[in-house]
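The opening residue of the sequence shown carries number 1 in UniProt numbering; numbering runs sequentially from there. Glycine is no exception: its CB is placed at the ideal position from the N, C-alpha and C atoms. Remember, predicted model here, so these are calculated numbers, not experimental data.
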Amino acid sequence: MFEISLDSFIRIVTVGVLAYIGLILFLRISGKRTLTKLNAFDLVVSVALGSTLATILLDSSISLFEGLTAFAVLIFMQYIIAIGSVYFSWFNDLIKSEPKLLYLEGRFLRKAMKEERIKEIEILQAMRSSGMGDTEKVKAVVLETDGSMSIISSEPKDALANVNSPDQKLTAPD
């Protein structure tokens, strides 16, 4: 249980260093978008890359080349998804969710909260985490496409222009 052979140690270190260098190179080639967490697909790629790295390191039946191939496939698929979402609006609508307004000017939007399975206590927690101790100072709370909550404390201006509200459609002021 606590033993490791010299051969295993050398393999883990060698493959670990090479796989890490390979991952860094793939990430540099693919660009910054690969590791963003703008939506669920981006998060899945980030987790899958970490899982793949761990598998390459710990499973001696997986060769370095197989692991690097797995990195390349994951990054390529994320690239294809990102490109598809940029050039085809129907594809973007298919794979990405829209931000959703959960709280506006002192009132919780219960319908939106129920649709997104968000409880009032979770919105209050997000407010506190952003440093807001007074709900009266919060203009809006938005559930973003990556699952995080944005707290808007001042005049919304353009920040709420594309946020869907079950009660009203918000638009940017003229």
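If you run the structure through DSSP and keep just helix, strand and coil, what is I10? helix
For N164, which beta-bridge partners are listed by DSSP? K100
What are the partner residues of L143, as DSSP defines its beta bridges? K100 and M149
Would you mind working out which of S150, R110, A82 and I10 sits nearest V45, comparing C-alpha positions? A82
Closest by CA to F108, which one among E98, T34, S97 and E122? E122
What does the alpha-carbon distance come out to for the pair D7 and G50? 24 Å
Beta carbon of L57, beta carbon of V15: below 8 Å? yes
E115: which of I4, S89, I21 and L101 sits nearest, CA to CA? L101
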